[in-house]
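> Please read through the structure below; I'll follow up with questions.
2 protein chains.
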Amino acid sequence: MNDSNQFNCSIKKIATQHICHNFHSTIEFIGRRWMGLIVFTLLKGPKRYFELLEEIPGISDRLLTERLKELEKEGLIEKKILNSTPRKVEYELTAAGKNLEEVIFSLLKWINENRKTNIE
Amino acid sequence: MNDSNQFNCSIKKIATQHICHNFHSTIEFIGRRWMGLIVFTLLKGPKRYFELLEEIPGISDRLLTERLKELEKEGLIEKKILNSTPRKVEYELTAAGKNLEEVIFSLLKWINENRKTNIE
Chain A
0 MNDSNQFNCS IKKIATQHIC HNFHSTIEFI GRRWMGLIVF TLLKGPKRYF
50 ELLEEIPGIS DRLLTERLKE LEKEGLIEKK ILNSTPRKVE YELTAAGKNL
100 EEVIFSLLKW INENRKTNIE
Chain B
0 MNDSNQFNCS IKKIATQHIC HNFHSTIEFI GRRWMGLIVF TLLKGPKRYF
50 ELLEEIPGIS DRLLTERLKE LEKEGLIEKK ILNSTPRKVE YELTAAGKNL
100 EEVIFSLLKW INENRKTNIE
């Protein structure tokens, strides 16, 4: 974290200093390459690794693995070990991860109402 | 744009194919380094270049210039030429830019309710 955390937030009075400190890092975390689409895909329910690869065409093995580790480290997803042989693993959003639905929904709404063309 | 635009959105039924195509690029645009804080700062009102530099400690000249160009190109900010000598310029959010307040607000709300520690 850096000096930008000194940023003085006042938006809508819900932004305490603690939230300010978090805003900068959180928006850039969610905006990391592919991060948004991974969360979006997991909002539909738990997925196995290969299912995520299939549903997000264009993502590389390396970046999917990296993003899943970052999401797990920040407590936004959990690995579920399925009771099967061979052992199978699913990735599932935690409660905090699922709550991102509202943020994603407001972004989709903004796009719907404000963008006629793609952002490049 | 790449293959991820084939992604099949269904969230809350507001996501048409057009919006889907835009989601991936938009979330990564807003999550670019410093982009969130620049929009956040401009939500308080029009700012001159040096004011933005002052209010966002840690941002470099190069990145602030680059981000302002990107925001202008996407129609989210406008340059206002002030009637003064020497000529002064202010950066102001367009209507679409101002509408991002709701997205930022929902992210602040999410942080407030879901994060006790900073995302790293």
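The listed protein sequences correspond, in order, to chains A and B.
Here numbering that gives the first Met the number 0 is used: the first residue of the first sequence is 0, the next is one more, and so on.
Here numbering that gives the first Met the number 0 is used: the first residue of the second sequence is 0, the next is one more, and so on.
Beta carbons: idealized from backbone N, C-alpha and C, even for Gly.
#1: In whole angstroms, what is the alpha-carbon distance linking T84(B) and E91(B)?
#2: What are the partner residues of K78(B), as DSSP defines its beta bridges?
#3: Taking only beta carbons into account, state which residues of the segment 106-118 of chain A come closer than 8 angstroms to chain B, listed in chain order.
#4: Under 7 angstroms Cβ-Cβ, which residues of chain A neighbour E101(B)?
#5: Hey, how far is the Cα of L70(B) from the Cα of L106(A)?
#6: So, is the C-beta of T25(A) closer than 8 angstroms to a C-beta in chain B?
#7: Ends of the alpha helix (DSSP H) at E73(B)?
#8: Just mark V88(B) as buried or exposed, buried being the case when its beta carbon has 16 or more other beta carbons within 10 Å.
#9: Output needed in chain order: residues of the segment 71-84 of chain A with a Cβ under 7 angstroms from some Cβ in chain B.
#10: Out of I103(A), W33(A), L52(A), Y48(A), point me to the one whose CA is closest to L81(A)'s CA.
#11: Can you name the start and end residues of the alpha helix (DSSP H) that K108(A) belongs to?
#12: R47(B) by DSSP, collapsed to three states: which one?
#13: Under a Cβ-count criterion, where at least 16 other Cβ atoms within 10 Å of its own Cβ denotes burial, should E73(A) be classed as buried or exposed?
#14: Here's the rule: buried if 16 or more other CB atoms are within 10 angstroms of the residue's CB, otherwise exposed. What is R86(B)?
#15: Keeping to the same chain, check which residues put their C-beta closer than 6 angstroms to that of E119(A); ignore five residues upstream and five downstream.
#16: Please list the partners that R61(B) has in chain A, where partner means a Cβ-to-Cβ separation under 8 angstroms.
Per the coordinate set shown:
#1: When rounded, the distance between both Cα atoms is 20 angstroms.
#2: Beta-bridge pairing links K78(B) to Y90(B).
#3: Cβ contacts with chain B come from L106, L107, K108, W109, I110, N111, E112, N113, R114, N117, I118.
#4: Residues of chain A with a Cβ closer than 7 angstroms to the Cβ of E101(B) are, in chain order, S105, W109.
#5: L70(B) and L106(A): Cα-Cα distance of roughly 16 angstroms.
#6: Taking Cβ atoms only, chain B reaches closer than 8 angstroms to T25(A), which makes this a yes.
#7: Note, E73(B): premise wrong, no alpha helix (DSSP H); not H, not E.
#8: With fewer than 16 Cβ atoms within 10 Å of its Cβ, V88(B) is classed as exposed.
#9: From the segment 71-84 of chain A, only E73 have a Cβ closer than 7 angstroms to chain B.
#10: Nearest in C-alpha terms to L81(A), of all of I103(A), W33(A), L52(A), Y48(A), is Y48(A).
#11: Run containing K108(A): 99-113, per the alpha helix (DSSP H) assignment.
#12: Three-state DSSP puts R47(B) in a strand.
#13: Classification for E73(A): buried.
#14: R86(B) should be labelled exposed.
#15: Excluding sequence positions up to five before and after E119(A), its CB lies less than 6 angstroms from no other CB in the same chain.
#16: By Cβ distance, chain A contributes nothing, its closest Cβ being about 16 angstroms from R61(B), past 8 angstroms.
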